[in-house]
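Notes follow the structure.
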């Protein structure tokens, strides 16, 4: 499950707990949990998910090197998806349509809302054109880059209000000319009731991986995208290996960058010190969290990583594990050095190497540090605290539209998420 899907799920479930009635409309590229409901209504955690899945389209998420024809073909599905959104919204008497990036969902949301005379929100979670550049699917200023930017800007212009997931994205949109009053930041959160503290290290798993008993394990668990810059961690292992023989790097997950990372580890001669594990079932992931001493997040600073805040650091904190992260802008919005994690200077050639040495010398403090990180995230980054501002926002938008139409506002279904 991607970070975007996790965020959508928690927003809807939290809104339901806070007393409104969300329903979710998924795109034709989103497969249902139940294959038998590809064009029906699923109920997940008590919330309606209206499906219009079409297997003829490419379902792969964020595969950078799609052909232009594949991209164009997916865009042709926009009119039919917009009609589907209009139908569901009309039948369920929805008050506000809340769509999120990518622009395909955002445009369906704003087109349907304008046709029906109800307010719309477009939630900007990333800058897709810059993500494509980082993943090798476009070059800055290319036709694809400019096209994605244009469609995203169109959704932003047409929406009644904009939500961003970070202060960095908010600043970016203001620089593009979006009025400050039109933007609300709804940051990422974490559910500490489901993200429980990691168990103690499993000796059997440690043995299976070939790690020594005294191994100091750096870890990464998640999707392997190029912008995560995990090659920086591999280089650090190669540099420190001769002097820190118990140092290991555990990478769990799959993704577009996996092969390049495997090749890098082999080329640097650290195959025995870096272990790659395929994506593991959710019920087993805790065992791998338990083996890790410090999670490493070495994103290099660039437009994408400086503007977008990831979910991963919050999940690691909830697991009561320490984080060693680069000081890109997205990390600095979430991590306070020496409070809920450790930051290092990513612009220094030896930044990560020096930080690993410093943190490993404090090994006896790390367990307590992880506990404090969990306490911090529970107090400051719960989903309830993050999502609560959406409720008065929805109410205000609905009242504005009702006043403009000179009709009384009667609360019906307060929100529809277009996912």
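Numbering (our numbering), first residue to last: 98 to 516.
Glycine is no exception: its CB is placed at the ideal position from the N, C-alpha and C atoms.
Between residue i and residue j, how many whole angstroms is the CB-CB distance? I'm expecting something under 8 Å.
i, j, result
"residue 193", "residue 475", "So it is not a contact: roughly 30 Å between Cβ atoms."
"residue 331", "residue 367", "6 Å"
"residue 394", "residue 104", "With 8 Å as the limit, residue 394 and residue 104 do not qualify as a contact, their Cβ atoms being about 18 Å apart."
"residue 206", "residue 214", "Not really, about 14 Å apart at Cβ, beyond 8 Å."
"residue 374", "residue 349", "4 Å"
"residue 365", "residue 335", "4 Å"
"residue 80", "residue 259", "This structure gives no information on residue 80, because the portion of the chain shown stretches from 98 to 516."
"residue 119", "residue 283", "The pair is not a contact, with the Cβ atoms about 14 Å apart (cut-off 8 Å)."
"residue 437", "residue 473", "4 Å"
"residue 185", "residue 108", "Residue 185 to residue 108, Cβ: 18 Å. No contact."
"residue 488", "residue 117", "6 Å"
"residue 115", "residue 371", "Actually they do not touch by this definition, with Cβ atoms about 44 Å apart."
"residue 303", "residue 388", "6 Å"
Which first and last residues belong to the beta strand (DSSP E) in which residue i is found?
i, result
"residue 430", "No beta strand (DSSP E) holds residue 430; DSSP gives it neither H nor E."
"residue 195", "194-197"
"residue 191", "Looking at the DSSP string, residue 191 is not in any beta strand (DSSP E), and its letter there is neither H nor E."
For residue i, which three-state DSSP category applies?
i, result
"residue 410", "helix"
"residue 232", "coil"
"residue 534", "One cannot answer for residue 534 here, as it falls past the ends of the chain, which runs 98 to 516."
"residue 119", "strand"
"residue 376", "coil"
"residue 316", "strand"
"residue 147", "strand"
"residue 135", "coil"
"residue 345", "strand"
"residue 441", "strand"
"residue 220", "strand"
"residue 392", "strand"
"residue 506", "Residue placement at residue 506 cannot be trusted, given a pLDDT of 46 that sits under 50; what the coordinates show is reported in the next sentence. Here residue 506 sits in coil by DSSP."
"residue 167", "helix"
"residue 468", "helix"
"residue 140", "strand"
"residue 262", "coil"
"residue 457", "helix"
"residue 367", "coil"
"residue 207", "helix"
"residue 287", "strand"
"residue 479", "strand"
"residue 303", "helix"
"residue 383", "helix"
"residue 334", "helix"
"residue 310", "coil"
"residue 225", "helix"
"residue 360", "helix"
"residue 488", "helix"
"residue 200", "helix"
"residue 159", "Because the pLDDT of residue 159 is 49, which lies under 50, any placement of that residue in the model is unreliable, and the number read from its coordinates should be weighed accordingly. Three-state DSSP puts residue 159 in coil, outside helix and strand."
"residue 297", "coil"
"residue 451", "helix"
"residue 268", "helix"
"residue 416", "coil"
"residue 237", "coil"
"residue 324", "helix"
"residue 397", "coil"
Determine, for residue i, whether the minimum Cβ-Cβ distance to residues of chain C falls below 8 Å.
i, result
"residue 222", "In the structure shown, chain C does not exist; there is a single protein chain."
How would you write the range of the alpha helix (DSSP H) that residue i sits in, first residue to last?
i, result
"residue 404", "400-404"
"residue 178", "175-188"
"residue 280", "First-last for residue 280: 280-282, but that is the beta strand (DSSP E), not the alpha helix (DSSP H)."
"residue 274", "Residue 274 -> no alpha helix (DSSP H), and no H or E assigned at all."
"residue 241", "240-255"
"residue 101", "100-114"
Label residue i either buried or exposed according to how many other C-beta atoms from any shown protein chain fall within 10 Å of its C-beta, with 16 as the threshold for buried.
i, result
"residue 351", "exposed"
"residue 147", "buried"
"residue 63", "No answer is possible for residue 63: the residues shown for the chain start at 98 and end at 516."
"residue 158", "Confidence in residue 158 is poor, its pLDDT being 48 and thus under 50, which makes the residue's placement too unreliable to answer from."
"residue 237", "exposed"
"residue 493", "exposed"
"residue 165", "exposed"
"residue 125", "buried"
"residue 285", "buried"
"residue 418", "buried"
"residue 362", "buried"
"residue 444", "exposed"
"residue 381", "exposed"
| field | Touching by the beta-carbon criterion (3+ pairs, under 8 Å), the segment 426-446 and the segment 252-260 | value | no
| query | Just checking, does the segment 221-239 make contact with the segment 398-406 on the three C-beta pairs under 8 Å criterion? | reply | Three or more beta-carbon pairs separated by less than 8 Å link the segment 221-239 to the segment 398-406, which places the two stretches in contact.
| message | With a threshold of 8 Å, are at least 3 pairs of Cβ atoms found where one atom belongs to the segment 319-326 and the other to the segment 289-302? | response | no
| task | Please determine if the segment 331-347 and the segment 307-319 are in contact, where contact requires at least 3 C-beta pairs separated by less than 8 Å. | result | yes
| message | Assess contact between the segment 265-275 and the segment 294-303, defined as three or more Cβ pairs (one per stretch) separated by less than 8 Å. Is contact present? | response | no
| Is the number of C-beta pairs between the segment 448-455 and the segment 216-228 that are closer than 8 Å three or more? | A contact is defined here as three or more CB-CB pairs under 8 Å, and the segment 448-455 fails this definition with respect to the segment 216-228.
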